[in-house]
Amino acid sequence: MDEVKQLVTDIKNKNLKPIYFLMGEEPYYIDKISDFIESTVLAEEERGFNQMVLYGRDIAIEDIVSNAKRYPMMADYQVVIVKEAQDLSRTIEKLASYAENPQPTTVLVVNYKYKKIDKRKSLYKTLKKTGIVYESKKLYENQVADWIRRVLSPKNYSISPKAAQMLVEFLGTDLSKINNELEKLQIILPKGTQISPEHIEENIGISKDYNNFELRKAIGERDTIKAYRIINYFAENPKDNPMVVTVSLLFNFFSQLLHFHGLSDKSPRNVASALKVNPYFVNEYIAAARHYPMRKVSAVVSTLRDFDVKSKGVGANAVPQGDLLKELLVRILSN
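The numbers in the sequence shown follow full-length UniProt numbering, run straight up by one, and end at 335.
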């Protein structure tokens, strides 16, 4: 995020590079940087003659080079944006010859999503000398809640840890989807609001009581009644609560619990740091550790591995996922 801020600052200050090669698994920042260049470098009246958008599926590298070598008309720069450039992955290395001597009055933006170019080859090495190579890496799940807070803070919003966790569990690590939902909430809620689980439930449709976060907590506390209530809800709403997601999240929780048992320093600060979780959730691990000593945690992890395979249809094709979930809960709570 800091690297993106620096890029944006440089572009605002007209400290421009002739090539911006934006690549990587996370498309959110690739789109953000590309859109910012598209809307910022040229004045509105200059864009008609000096800004063009090309698509990788429709062009060849030679077309990109030909357009990039043009001179601007009545402007200091022209901007050439190549979207979906990953469709040119087989020939992208041909861009190296242009990158060696790029047109100084052209700002070429290459959006190379979901992939990376080979850093051992000449294109990457040349781009590092003459332009900008930005790699947009996928965030780990435990990093997304912090990202949500950092996105909201400059806009004068905050979010409770549980609400952030609900978004991550429901939307995964797709930053574009999460940002879309946050923007909806910012339209509805006044500035200065702390986004709560109730806001998430009312405006996005994620239940604050029947979700994997609450299931994990109920299992950790061995609250059998609450856990069965949530599992029954999942069984009745399988499309919104796929078993494979539930098993994966429980597996991560118990794997972290195994790690917790191995810590010599179980102070809240050290636990949060070692497990890479928000300090708000540390008490959940402390409570769960009392109910699940290391031997039981190992047995639960083994059980979850078995049910992970079953949730993907191996050896349980005829069994409804709701029934598998109920069986899984019985197995966990019997440990």
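Beta carbons are placed, not taken as given, at the ideal position from N, Cα and C, and that holds for glycine.
Contact belief for residue i with residue j at Cβ below 8 Å, rounded distance in angstroms
{"i": "residue 170", "j": "residue 206", "result": "5 Å"}
{"i": "residue 16", "j": "residue 41", "result": "7 Å"}
{"i": "residue 19", "j": "residue 130", "result": "6 Å"}
{"i": "residue 136", "j": "residue 249", "result": "Contact doesn't hold; Cβ gap of about 25 Å is too wide."}
{"i": "residue 83", "j": "residue 50", "result": "Not confirmed; about 18 Å, so no contact."}
{"i": "residue 214", "j": "residue 230", "result": "6 Å"}
{"i": "residue 307", "j": "residue 328", "result": "5 Å"}
{"i": "residue 259", "j": "residue 274", "result": "7 Å"}
{"i": "residue 310", "j": "residue 325", "result": "Incorrect: roughly 10 Å between the Cβ atoms, too far for contact."}
Sequence-distant residues of the same chain with beta carbon closer than 7 Å to residue i, five excluded per side
{"i": "residue 253", "result": "216"}
{"i": "residue 203", "result": "184, 185, 188"}
{"i": "residue 268", "result": "279, 282"}
{"i": "residue 173", "result": "138, 139, 141, 144"}
{"i": "residue 300", "result": "254, 292, 332, 335"}
{"i": "residue 121", "result": "93"}
{"i": "residue 228", "result": "329"}
Local Cβ density within 10 Å of residue i, reported as buried at 16 or more and exposed below that
{"i": "residue 6", "result": "exposed"}
{"i": "residue 34", "result": "buried"}
{"i": "residue 225", "result": "exposed"}
{"i": "residue 334", "result": "exposed"}
{"i": "residue 144", "result": "buried"}
{"i": "residue 176", "result": "exposed"}
{"i": "residue 74", "result": "exposed"}
{"i": "residue 156", "result": "exposed"}
{"i": "residue 56", "result": "buried"}
{"i": "residue 319", "result": "exposed"}
{"i": "residue 293", "result": "exposed"}
{"i": "residue 99", "result": "buried"}
{"i": "residue 314", "result": "exposed"}
{"i": "residue 153", "result": "exposed"}
{"i": "residue 237", "result": "exposed"}
{"i": "residue 312", "result": "exposed"}
{"i": "residue 271", "result": "buried"}
{"i": "residue 220", "result": "buried"}
{"i": "residue 119", "result": "exposed"}
{"i": "residue 162", "result": "buried"}
{"i": "residue 164", "result": "buried"}
{"i": "residue 43", "result": "exposed"}
{"i": "residue 13", "result": "exposed"}
{"i": "residue 241", "result": "buried"}
{"i": "residue 212", "result": "buried"}
Candidates the options, of which the one nearest residue i by Cα
{"i": "residue 114", "options": "267, 121, 30", "result": "30"}
{"i": "residue 95", "options": "117, 289, 292, 242", "result": "117"}
{"i": "residue 331", "options": "297, 142, 190", "result": "297"}
{"i": "residue 263", "options": "67, 285, 329", "result": "285"}
{"i": "residue 36", "options": "270, 10, 211", "result": "10"}
{"i": "residue 69", "options": "106, 93, 97, 241", "result": "106"}
{"i": "residue 93", "options": "153, 64, 151, 179", "result": "64"}
{"i": "residue 90", "options": "61, 139, 81", "result": "61"}
{"i": "residue 47", "options": "27, 72, 24", "result": "72"}
{"i": "residue 276", "options": "255, 28, 327", "result": "255"}
{"i": "residue 168", "options": "328, 223, 140", "result": "140"}
{"i": "residue 321", "options": "233, 260, 121, 149", "result": "233"}
{"i": "residue 101", "options": "88, 119, 123", "result": "123"}
{"i": "residue 178", "options": "191, 121, 158, 151", "result": "151"}
{"i": "residue 246", "options": "305, 26, 44", "result": "305"}
{"i": "residue 104", "options": "128, 77, 2, 87", "result": "77"}
{"i": "residue 8", "options": "134, 88, 24, 121", "result": "134"}
{"i": "residue 2", "options": "45, 128, 88, 147", "result": "147"}
Residues bridged to residue i [DSSP beta-bridge criterion]
{"i": "residue 111", "result": "22"}
{"i": "residue 201", "result": "Looking at the DSSP assignment, residue 201 forms no beta bridge with any residue, so it has no partner."}
{"i": "residue 158", "result": "194"}
{"i": "residue 106", "result": "78"}
{"i": "residue 83", "result": "55"}
{"i": "residue 309", "result": "According to DSSP, which records beta bridges pairwise, residue 309 is partnered with nothing at all."}
{"i": "residue 133", "result": "21"}
8 Å CB neighbourhood of residue i in its chain, flanking five on each side removed
{"i": "residue 160", "result": "194, 195, 196, 197"}
{"i": "residue 32", "result": "4"}
{"i": "residue 38", "result": "51, 53, 79, 81, 109"}
{"i": "residue 390", "result": "Any question about residue 390 goes unanswered here, given that the chain covers just 1 to 335."}
{"i": "residue 149", "result": "158, 159, 164"}
Sequence-distant residues of the same chain with beta carbon closer than 6 Å to residue i, five excluded per side
{"i": "residue 85", "result": "56, 110, 111, 112"}
{"i": "residue 288", "result": "220, 257"}
{"i": "residue 210", "result": "230, 233"}
{"i": "residue 27", "result": "113"}
{"i": "residue 191", "result": "156"}
Any C-beta of chain D under 8 Å from that of residue i
{"i": "residue 21", "result": "This model lacks chain D altogether; it includes just one protein chain."}
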